[in-house]
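A.B. asks:
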Amino acid sequence: MTEELSLEQARDEAEGLTTRILELRAAYYDRDAQVASDEEYDALVLRLEELERLFPELQSQDSPTQTVGGGVSELFDPVVHAEAMLSLDNVFSEEEFLDWATKVERDSGRKVAFLCELKIDGLAINLRYERGLLVSAATRGNGQVGDDVTANIRYVPGILERLEGEGHPEIVEIRGEIFLAKAAFERLNEGLAGFRERYVARAEERAAAKGRPFDREKSEDAAKRRFPALANPRNAASGGLRQQIEKKDDELDREAGLARLESLSLYVHGIGAWPDPPVAAQSEVYGLISGWGLPTSPYFRVEPDAGAAAEFIRTYGGEQRHSVEHEIDGVVVKVDELALHEELGATSRAPRWATAYKYPPEQVNTKLLDIVVSVGRTGRATPFAIMEKVRVAGSEVRQATLHNQDVVKVKGVLIGDTVVLRKAGDVIPEVLGPVAELRDGSEREFVMPTDCPECGTPLRPMKEGDIDLRCPNAQSCPAQVRGRVEHIGSRGGLDIEGLGEVGAAALTQPEVPEVPPLMTEARLFELTAEELLEIEVIVRDAETGLEKEDEDGVVRRRMPFQKVRLEYAPEAVDLTAAERRKQGFRKDFRVVEPSAQLVKLLAELEKAKTKDLWRQLVSLNIRHVGPVASRALAQYFGSLEAIRAATRDELAAVDGVGGIIADALIEWFAVDWHQEIVERWTAAGVRFAIPGHPGPGAAAAAGGVLAGLTVVATGSLEGYTREGAQEAIIAAGGKAASSVSKKTDFVAWGPGAGSKLAKAEALGLRLIEAAEFRILVEQGPDALPPLPEPEPEPDGEPAEEA
DNA sequence: CACCCTCGAGTTCA
DNA sequence: CTCGAGGGTG
Numbered sequence: 001m002t003e004e005l006s007l008e009q010a011r012d013e014a015e016g017l018t019t020r021i022l023e024l025r026a027a028y029y030d031r032d033a034q035v036a037s038d039e040e041y042d043a044l045v046l047r048l049e050e051l052e053r054l055f056p057e058l059q060s061q062d063s064p065t066q067t068v069g070g071g072v073s074e075l076f077d078p079v080v081h082a083e084a085m086l087s088l089d090n091v092f093s094e095e096e097f098l099d100w101a102t103k104v105e106r107d108s109g110r111k112v113a114f115l116c117e118l119k120i121d122g123l124a125i126n127l128r129y130e131r132g133l134l135v136s137a138a139t140r141g142n143g144q145v146g147d148d149v150t151a152n153i154r155y156v157p158g159i160l161e162r163l164e165g166e167g168h169p170e171i172v173e174i175r176g177e178i179f180l181a182k183a184a185f186e187r188l189n190e191g192l193a194g195f196r197e198r199y200v201a202r203a204e205e206r207a208a209a210k211g212r213p214f215d216r217e218k219s220e221d222a223a224k225r226r227f228p229a230l231a232n233p234r235n236a237a238s239g240g241l242r243q244q245i246e247k248k249d250d251e252l253d254r255e256a257g258l259a260r261l262e263s264l265s266l267y268v269h270g271i272g273a274w275p276d277p278p279v280a281a282q283s284e285v286y287g288l289i290s291g292w293g294l295p296t297s298p299y300f301r302v303e304p305d306a307g308a309a310a311e312f313i314r315t316y317g318g319e320q321r322h323s324v325e326h327e328i329d330g331v332v333v334k335v336d337e338l339a340l341h342e343e344l345g346a347t348s349r350a351p352r353w354a355t356a357y358k359y360p361p362e363q364v365n366t367k368l369l370d371i372v373v374s375v376g377r378t379g380r381a382t383p384f385a386i387m388e389k390v391r392v393a394g395s396e397v398r399q400a401t402l403h404n405q406d407v408v409k410v411k412g413v414l415i416g417d418t419v420v421l422r423k424a425g426d427v428i429p430e431v432l433g434p435v436a437e438l439r440d441g442s443e444r445e446f447v448m449p450t451d452c453p454e455c456g457t458p459l460r461p462m463k464e465g466d467i468d469l470r471c472p473n474a475q476s477c478p479a480q481v482r483g484r485v486e487h488i489g490s491r492g493g494l495d496i497e498g499l500g501e502v503g504a505a506a507l508t509q510p511e512v513p514e515v516p517p518l519m520t521e522a523r524l525f526e527l528t529a530e531e532l533l534e535i536e537v538i539v540r541d542a543e544t545g546l547e548k549e550d551e552d553g554v555v556r557r558r559m560p561f562q563k564v565r566l567e568y569a570p571e572a573v574d575l576t577a578a579e580r581r582k583q584g585f586r587k588d589f590r591v592v593e594p595s596a597q598l599v600k601l602l603a604e605l606e607k608a609k610t611k612d613l614w615r616q617l618v619s620l621n622i623r624h625v626g627p628v629a630s631r632a633l634a635q636y637f638g639s640l641e642a643i644r645a646a647t648r649d650e651l652a653a654v655d656g657v658g659g660i661i662a663d664a665l666i667e668w669f670a671v672d673w674h675q676e677i678v679e680r681w682t683a684a685g686v687r688f689a690i691p692g693h694p695g696p697g698a699a700a701a702a703g704g705v706l707a708g709l710t711v712v713a714t715g716s717l718e719g720y721t722r723e724g725a726q727e728a729i730i731a732a733g734g735k736a737a738s739s740v741s742k743k744t745d746f747v748a749w750g751p752g753a754g755s756k757l758a759k760a761e762a763l764g765l766r767l768i769e770a771a772e773f774r775i776l777v778e779q780g781p782d783a784l785p786p787l788p789e790p791e792p793e794p795d796g797e798p799a800e801e802a
């Protein structure tokens, strides 16, 4: 998909396609002569799907791609709506919205008030009442004809068989939205887990009764297929309403089906054709409907002008979006005055007096192309999803972790599935689950490999009962060595420039046969320019993946002191590790364009030899020994030799170190190849000591202006790097904590501060900014300007002022 | 036995 | 930056 397409072009094309598809469908349902071949129809739908993948914001619930199996399903009787359920035109930005509002005001020739309401991400429904009695409930379908779901709808709370109150017309179509509230969605998913358990228990009983053997695993799989976890509220609502509830004779099936229906909610938001309404404004219609006993949304407001309406849109697009009980995909803005509806009229597909402001989707559908397994520095084998690139919550996502094989199973995703993707906490991509309705049978199950994908060693759990599988070949598994070397070079470790992801891969990847790679990190500090100069990689064409050749033959470039740009190579994904290496791919990347920088890396390595002891300790990659424990140990013992010589009790005596960490240290030092690392690093000149340290047990002279105080820094503090701020706190004798708790004394914050600042505010902690932070670490807390007396009264927080 | 904290892993962005 | 796991501390 290399086409360049603007959003506008795509939208125009999608609208054309939508119209054409709906026409064809209508023709089909009117039993008209076939106006197009099935292939032509399919091609239209395919193209629309492709556009919606490229531009998820074009996707809407009334899109023909969202109605399964070509719109109105054969499983349900068709219902012809008395009045067509029009869709709404969409706007995607404040600018577009204001343009629309301006036009409406101009066409109206007077001041217009707008009714704003949250657009629920659910299913549109049309309820037909005759003489106050519910006669049918239908989905929107194609706008003209929908699916009859009357049998199901009766179980949805809030639906009335008979309208209450007075004054309803003889025949009335009431439009609303069926949805699953977020909390109900959570509860329903928990409930489904219960059904799975009951299903398995029943299968076991039945097997026992018949004296047949019982295969628990198989039964659990069957339970998962029968009562699958639900991916997201919208799909769950849609699936729930489209059950064949009356045909379910199995007790569990029926019960689960009812639970799904009873979890749904309804809000009504309009009335179909109604020639002489007794009210003058749309907002009053809601009062009327409420009077008949049907639920209306509490999230609506009449705004006096377009500016106020835009404010409403902004409010619910931001912070408030998550505080609403249900998912929101936008705001519907209607002209409030009913008389104007007539005047403004409608186009063939949408009224002119209303528009839908669409928020950027937080959840999108995308294709799960593959599930591959990677091994990290600790040897843990982690499956992750490779998806068709898709934009979600403001960035493009292609990968998401699936943690382990159990999570893959629980989520129920198959390779080839269309999956629902979101960003948890707006940052971390997460696969929620499959859209099972869109399966075509070509999907296949993910099988967790039994062997390490990089070194072939059989994977196994570390301890009995562990879900995580690990590669036990810690010493020489390329993935683990690479990971450890990268960790050594990282900022939290020895902070070596040039030894990041690429550098580590280049040094450890045993892909050039004539040069021995770093088989473990033991040789890291013995590297010489001569040796490094030998390492070469084959340059490949980014398009074809073929080896590049010049007049001397295959082009080879030197590594790793040559800067390399890596590019994602999807074609490498299906290869085994050995094949990948042979073909010159690094993991799933290919080398695109090398260029020079060696001396720098060697100089950096040289510098690292005399860096702080705690950094060197971190670089040994000992379980549970991160920067904090390392600092404590380094400060207390003063040298690696002293730590190595210490007993378990002596180690555990250090503040912040307990039995487990002590054990981890002792076990680490007992391993031969670990000792070799220490020996060779020492021989190469790594200092492993704090110069002038008096020796073990000499507790750090507790001093400094911040003694006994805990400070957390968050966001960017002017004049400090993230690291620098921590150093400053520690240098002043304070504790630099990584998370905010009520034991925190000060929270220094700057631009970009996130949840930590929010938490600090909630806890009522003392907040300081960069300038005050400087005073704090240089002169101590007493030098800070006094806190203004907190007003005992109104309106909470004092405004923060610079 | 509660907290509260750190570790470790994963991800994408500027 | 966030989460879960599992550590340490009071």
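Heads up: the first sequence begins at 1 in the numbering used here, then just goes up one per residue.
In this text, a Cβ means the ideal position worked out from N, Cα and C, and glycines have one as well.
1) Between the alpha carbons of K119 and S108, how many angstroms are there, rounded?
2) For a test of the three-state rule: what should DSSP assign to H487, helix, strand or coil?
3) For Q779, does the count of other Cβ atoms within 10 angstroms reach 16, so buried, or fall short, so exposed?
4) Check H674 in the structure and name its three-state DSSP category.
5) Alpha carbon to alpha carbon, how far is H693 from K742?
6) Are the CB atoms of T457 and L438 nearer to each other than 8 Å?
7) What does a CB cutoff of less than 8 Å around I768 pick up in its chain, not counting 5 residues either side in sequence?
8) Let me know if E337 comes out buried or exposed under the rule of 16 or more other beta-carbons within 10 Å of its beta-carbon.
9) Roughly how many whole angstroms lie between the Cα atoms of R648 and D663?
10) Below 8 Å on the Cβ atoms is my guess for E388 versus L369; work out the distance and round it to an integer in Å.
11) Per DSSP, P458 is paired with what?
12) Just curious, the beta strand (DSSP E) that D89 is in, first and last residue?
13) Nearest-angstrom Cα distance between E130 and E83?
14) Spatial neighbours of K611 within its chain, please: C-beta separation below 7 Å, excluding the five flanking residues on both sides.
15) Just curious, the alpha helix (DSSP H) that W292 is in, first and last residue?
16) Below 8 Å on the Cβ atoms is my contact criterion, and I expect G446 with I488 to pass it. Report the Cβ-Cβ distance as a whole number of Å.
17) May I ask which residues mark the beginning and end of the beta strand (DSSP E) holding K409?
18) DSSP three-state label for Q144, please.
19) So the candidates are R722, E679, A634 and K600; which of them puts its Cα closest to the Cα of P691?
20) Just reading off the alpha helix (DSSP H) that E197 is part of, what are its end residues?
21) Do you know how far the Cα of K411 is from the Cα of N849?
22) Could you give the C-beta distance for V156 and L264, rounded to a whole number, given that I count them as a contact under 8 Å?
23) Within the same chain, show all residues whose beta-carbon is closer than 8 Å to that of P351, passing over the 5 residues directly before and after it, in chain order.
24) How many angstroms separate the CA atom of I428 from the CA atom of R106?
25) Give me the residue from L602, T520, G483 and E284 with the minimum Cα distance to W673.
26) Anyone know if the C-beta pair for L261 and A229 falls short of 8 Å?
27) Give me the Cβ distance between A101 and A309, rounded to the nearest whole Å; I'm assuming they're in contact under 8 Å.
28) Just list the beta strand (DSSP E) runs in the segment 114–145, keeping only unbroken ones of 3 residues or longer that don't cross its boundaries, in chain order.
29) Return helix, strand or coil for N473, following the three-state DSSP convention.
30) Checking 8 Å against the spacing of the C-beta atoms, do Q616 and F669 come in under that value?
31) List in chain order: all unbroken beta strand (DSSP E) runs of 3+ residues lying wholly within the segment 622–660.
32) When the Cα of T401 is compared with those of V372, T378, R391 and A184, which residue comes out closest?
33) Does the distance from the C-beta atom of Y267 to that of G176 stay below 8 Å?
34) Can you tell which of N232, V375, I178 and K367 has its C-alpha closest to the C-alpha of R484?
35) Check whether the segment 240–252 touches the segment 141–155, counting contact only when three or more Cβ pairs, one atom from each stretch, lie closer than 8 Å.
36) Grab me the residues of A207's own chain with a C-beta within less than 8 Å of its C-beta, minus the 5 sequence neighbours each way, in chain order.
C.D. replies: In short:
1) Taking the straight line joining both Cα atoms gives about 25 Å.
2) helix
3) exposed
4) helix
5) Cα-Cα distance, rounded: 34 Å.
6) no
7) F746, V747, A748, W749, L776 and L784
8) buried
9) 7 Å
10) 6 Å
11) D451
12) Following the DSSP letters along the chain, one finds D89 inside the beta strand (DSSP E) bounded by residues D89 to V91.
13) Their Cα atoms are separated by approximately 15 Å.
14) Counting only Cβ-Cβ distances below 7 Å, and skipping sequence neighbours, we find L494.
15) Careful: W292 lies outside any alpha helix (DSSP H) and carries neither H nor E.
16) According to the sequence as given, residue 446 is Phe; it is not Gly. About 33 Å; that fails the 8 Å criterion.
17) Counting along the chain, K409 falls outside any beta strand (DSSP E), though it belongs to the alpha helix (DSSP H) covering Q405 to K411.
18) coil
19) Checking every option, the nearest Cα to that of P691 belongs to A634.
20) Here the alpha helix (DSSP H) through E197 covers K182 to A209.
21) Residue coverage of the chain in this structure runs from 1 to 802, which leaves residue 849 outside it and unanswerable.
22) 5 Å
23) Correct list, in chain order: L86, L88, H341, L344 and G345.
24) 45 Å
25) T520
26) no
27) 7 Å
28) Counting only runs of 3 or more, we get 114–120, 123–130 and 133–139.
29) coil
30) no
31) none
32) V372
33) yes
34) Cα-wise, what sits closest to R484 is V375.
35) Pairwise C-beta distances place the segment 240–252 in contact with the segment 141–155, as three or more of them are shorter than 8 Å.
36) For A207, where only same-chain residues beyond five positions count, the Cβ hits under 8 Å are P213 and F214.
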